Amino acid sequence: MSTQAAGPAAAFDLDRPWCVDERVAVRPEPFGALLYHFGTRRLTFLKDPMVLAVVRGLAEQPSARSACESAGVPAPAMAAYERALATLASSQMIRARDGR
Amino acid sequence: MSPPLPLVEQFQRGLAAPICLTWELTYACNLSCVHCLSSSGRRDPRELTTAQCMALIDEFERMQVFYVNIGGGEPTVRPDFWELVDYAVAHRVGVKFSTNGIRITPEVARRLSGSDYIDVQISLDGATEQVNDAVRGAGSYRTAVRAMRNLAAAGFSGFKLSVVVTSQNAGQLDEFAALADDHGAQLRLTRLRPAGRGADVWVELHPTSAQQRAVYDWLVSRGENVLTGDSFFHLAGYGQALPGLNMCGAGRVVCLVDPVGDVYACPFAIHDSFLAGNVTDGGGFTRVWRESELFTDLRRPQSGGACASCAAFDACRGGCMAAKFFTGLPLDGPDPECVLGHGEAALAAASPGGVTLPRPYPDHSRPARQSGPVPVTIGRRRPPSRACDEDPLAGLASLAG
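Quick mapping for you: the protein sequence lines, in order, are chains L and Z.
Using this note's numbering, you'd call the opening residue of the first sequence number -19 and step up by one each time.
Using this note's numbering, you'd call the opening residue of the second sequence number 9 and step up by one each time.
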């Protein structure tokens, strides 16, 4: 119930380590995945399986960029994935792992 | 990297698990609201046992159902209610429960306020005692307000004040918003459906077309600050869609599990025609959700029928299946509250001499003579209404294309 207003979206840094927030559940679906945040009670969807692979890889990779690369995101698409991750960060679905 | 279909169409083909699952835990209720969509009152002796409920929660956990909307009846009167809530939370299945407030004591409120996994929805259908109690029964306004005070005092911010919009309260929307603000709650408005006992009072209680327009304008002005459980998607025919998915989720993203474990396509369609199976059947809830004939059928592309040629069809998609069914309208025709007025014409054409309407069933209403709160004036029968619950899609963000 403690719905916190999202703070001003910090600029997303592709070269920092990120992870899925502990209060978020990720459910694979035929089109990609659904994410539900128990704290904000918000639902978001991932519209393709590659974004799901990126999100799942975040916790193990030294940076969001390497999570994208290891999921097979082609270089020309990197900007679109960066925007997607920034949106997830601003809705608290993912958080920086380095305590920033 | 765009998907082949728009997301709404993906959703219409069904998901691995529901987004919004309503679980009526009991038909027992201390109130007898005239518009109760589950015709609640008396407990059904075949109610699922505690062990069966826990097994169902285990299944929800396996399917990754994020949360369940628990209702009834009045769910908190089940002796094992708090035990089941604790069990669900321990299994990472979130619980949002709808209550008339009867059991929300200061102590309970303090306990509830500690968890991200629990949300509470207080039902109130009038911003004044007079308007509310005429529908929900004498004393129900005070009970609900006391519960809200207890939640607010316990620091539970953001609980929901849930209102079914009727002809009687449609002029009180600002007052409802103020009442929610005063208690640190969020207002949630849902549509009156002619389901359960609501079928008996729908003609009298549903908003007039002028009220409906005013409700729409009010909702548009409030944006995402007021939740609607996506229940007013038929109003998208006015032009701008309200926040949410704006589609009928029955059997596609939504379903209902009733106290005896029967699975219906949606909370407003408790009738044999929309019964998909039972959670105690072989394969359990998972199989009903993924393989039942009814749900498979609902996930097929639907024809627009009589509405197909209407310019507003892409917006309203023909409206609410249950509203059509219980008012005797064809499922592929206009919603009875079609914003272009096609519903009124269809209703007039459908019942020139009074056709026999499908009866909501089963009926758990208490016999007419009652000792509890007795509803006044508005009809013969009566409990709480909740819709597809808080719009879970308010956060929809279009990602990666």
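Heads up, the beta-carbon is just placed ideally off N, CA and C, and yes, glycines get one too.
Being a predicted model, the structure only gives us computed values, none of them experimental.
Judged by their CB atoms, residue 178 of chain Z and residue 202 of chain Z are not nearer to each other than the 7 angstroms cut-off. When Cβ pairs closer than 8 angstroms are counted between the two stretches, the stretch 220 to 232 of chain Z is seen not to touch the stretch 309 to 321 of chain Z, the count staying below three. Inclusion of residue 167 of chain Z and residue 193 of chain Z in the CB contact set at 7 angstroms is warranted, their separation being smaller than that value. Membership of residue 25 of chain L in the beta strand (DSSP E) is indicated by the continuous run 22 to 26. Listed along chain Z, the residues sitting closer than 8 angstroms to residue 14 of chain L by beta-carbon distance are 23, 27, 74. For residue 29 of chain Z, no alpha helix (DSSP H) run applies; the uninterrupted beta strand (DSSP E) run containing it begins and ends at 28 to 32, by DSSP.
For residue 11 of chain L, at least one C-beta of chain Z is nearer than 7 angstroms to its own C-beta.
With fewer than 16 neighbouring CB atoms inside 10 Å of its own CB, residue 70 of chain Z falls in the exposed class. In the three-state reduction of the DSSP assignment, residue 364 of chain Z falls in the coil class, being assigned neither a helical nor a strand state.
Residues of the stretch 66 to 100 of chain Z with a Cβ closer than 9 angstroms to any Cβ of chain L, in chain order: 71, 72, 73, 74, 75, 100. For residue 284 of chain Z, the enclosing beta strand (DSSP E) stretches over residues 283 to 286. For residue 58 of chain Z, the uninterrupted alpha helix (DSSP H) run begins and ends at 58 to 71, by DSSP.
Per DSSP, the continuous beta strand (DSSP E) segment holding residue 79 of chain Z begins and ends at 75 to 79. Judged by DSSP secondary structure, residue 117 of chain Z falls within the alpha helix (DSSP H) whose first and last residues are 114 to 120. Beta bridge pairing from DSSP links residue 197 of chain Z with Z:171.
Non-local beta-carbon contacts of residue 294 of chain Z in its own chain, meaning distances under 7 angstroms to residues more than five positions away in sequence, involve 67, 71 in chain order. Residue 176 of chain Z and residue 38 of chain L have their C-alpha atoms spaced approximately 52 angstroms apart.
In this structure, DSSP gives residue 131 of chain Z an extended state, which the three-state scheme calls strand. The way I'd put it, the stretch 240 to 248 of chain Z does touch the stretch 325 to 344 of chain Z; three or more beta-carbon pairs between them come closer than 8 angstroms.
Three or more Cβ pairs closer than 8 angstroms define a contact, and the stretch 38 to 49 of chain Z falls short of that threshold against the stretch 65 to 76 of chain L.
With contact defined as three or more Cβ pairs closer than 8 angstroms, the stretch 6 to 14 of chain L and the stretch 25 to 42 of chain L are in contact. Only buried fits residue 96 of chain Z, as 16 or more other CB atoms lie within 10 angstroms of its CB.
Counting only the Cα atoms, residue 225 of chain Z lies some 35 angstroms from residue 37 of chain Z. Inclusion of residue 92 of chain Z and residue 269 of chain Z in the CB contact set at 7 angstroms is not warranted, their separation being larger than that value. Excluding five sequence positions before and after residue 354 of chain Z, the CB atoms of its chain that fall closer than 7 angstroms to its own CB belong to 337, 341, 342, given in chain order. Cα atoms of residue 323 of chain Z and residue 245 of chain Z: separation of roughly 6 angstroms, rounded to the nearest angstrom. Shown here, residue 5 of chain L sits in a strand according to DSSP, grouped into three states.
Scanning Z:50, Z:131, Z:115 for the CA closest to the CA of residue 86 of chain Z turns up Z:50.
At least 7 angstroms separates the beta-carbon of residue 296 of chain Z from that of residue 277 of chain Z. Cβ neighbours of residue 344 of chain Z within its own chain (closer than 7 angstroms, five residues either side excluded): 331, 332, 335, 337, 351, 355.
When secondary structure is reduced to three states using DSSP, residue 102 of chain Z falls in the strand class.
Less than 7 angstroms divides the Cβ of residue 26 of chain L from the Cβ of residue 13 of chain L.
Across the structure, residue 22 of chain Z and residue 217 of chain Z are spaced so that their CA atoms are roughly 33 angstroms apart. Taking 7 angstroms as the CB threshold, residue 102 of chain Z lines the interface with chain L.
In chain order, 137 place their CB closer than 8 angstroms to the CB of residue 150 of chain Z, counting only its own chain and leaving out the 5 sequence neighbours on each side. Fully enclosed alpha helix (DSSP H) runs of no fewer than 4 residues occupy 321 to 324, 329 to 334 of the stretch 313 to 345 of chain Z, in order along the chain.
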